[in-house]
Amino acid sequence: MNPLSRLKPLFSSSSSSSLKTLNHQFLQRCSVSGTAKGKAKLKTAAPLKRSTIPKKKGAGTEKAGPGSGGTRGEASKRLNDMVDRCLNAPTPIRKLSAKEREREAEREKLGLMSKDRQRELEEIKARAKKDNKEQMREIMGTPGLDLISLGLVDAEKIPKYELTVEDGRRLAKEYSRVLMRKHRARQAAESTILKLKKAAIEALPDHLKVTLKMLMRRLKGIWESRSLDDLRLRLIVSKRHTGS
């Protein structure tokens with residue numbers, strides 16, 4: 245007997261209708277989309293956060309006795325500080341060979357710099373800044389009679405000036421303006437001296453004018469000859485230096 249003939253009664257119309265009703269009931273009871281949880285959208289992946297120990301309510305208001313919540317709060321704070329220090333720890337001193345240092349220098353010339361090198365430079369700058377601050381504190385008088393150590397000057401009340409790039413540009417512009425003012429004042433003074441000299445020469449009588457002009461020519465020749473001699477001496481000295 246064919247085994248498929250035995251399975252035919254299972255696929256009759258009555259059995260198929262009962263299967264449909266069961267399927268419908270199952271979907272009604274166990275459907276995911278109909279529930280509130282099913283309707284909720286999937287959240288995007290959030291960055292991982294460090295777990296913190298929650299503080300109890302009223303820990304700050306209530307007085308912390310021996311072995312109470314106050315000590316727990318301090319312990320959690322210490323633990324959090326330690327974790328922060330471990331996470332934000334600076335990179336150790338790099339041990340590079342001479343070849344690696346040369347490669348790094350060549351890369352820096354081309355404008356390429358690694359993150360480790362940037363961190364190293366930042367650390368060097370911070371150390372130099374700290375050393376400069378300490379030196380500035382030390383140089384507040386003669387050694388042994390320091391103004392801070394004597395108590396005449398309060399170190400905390402000393403104004404601290406930290407110049408930015410914009411401040412530097414502003415100072416450079418102001419300095420160039422001051423130099424231009426000085427240059428203009430010098431030019432104006434020289435022009436007034438020349439005018440006064442010409443007026444004084446014109447006010448002299450004719451015979452004195454002639455003698456003064458001759459004297460000025462001689463002085464001019466002497467100055468020119470002196471400048472030429474100086475130039476020759478400089479050339480001789482430079483030749484000797486280059487020859488040696």
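Number 290 in this note's numbering belongs to position 46 of the sequence shown; there are no gaps in the numbering. All C-beta atoms, glycine included, are put in the ideal place defined by N, C-alpha and C.
| Asked | Found |
| --- | --- |
| Express the C-alpha separation of residue 437 and residue 424 in angstroms, rounding to a whole number. | 20 Å |
| Secondary structure at residue 374, three-state DSSP: helix, strand or coil? | helix |
| For the alpha helix (DSSP H) that residue 402 lies in, which residues bound it at each end? | Looking at the DSSP string, residue 402 is not in any alpha helix (DSSP H), and its letter there is neither H nor E. |
| In angstroms with no decimal places, state the Cα-to-Cα distance between residue 324 and residue 316. | 12 Å |
| Which of the three DSSP states is assigned to residue 448 in this structure? | coil |
| Is DSSP giving residue 474 helix, strand or coil here? | helix |
| Rounded to the nearest angstrom, what separates residue 397 and residue 370 at their Cα positions? | 26 Å |
| What's the gap between the Cα of residue 392 and the Cα of residue 399? | 6 Å |
| Check the C-beta distance from residue 338 over to residue 364 and give it rounded, since I have them as a contact under 8 Å. | 7 Å |
| For the putative contact between residue 456 and residue 448, defined by C-beta atoms under 8 Å, what is the C-beta separation to the nearest angstrom? | 7 Å |
| For residue 353, report the span of its alpha helix (DSSP H) as first-last. | 342 to 353 |
| What distance in whole Å lies between the Cβ atoms of residue 361 and residue 348, which are believed to be in contact at a cut-off of 8 Å? | 6 Å |
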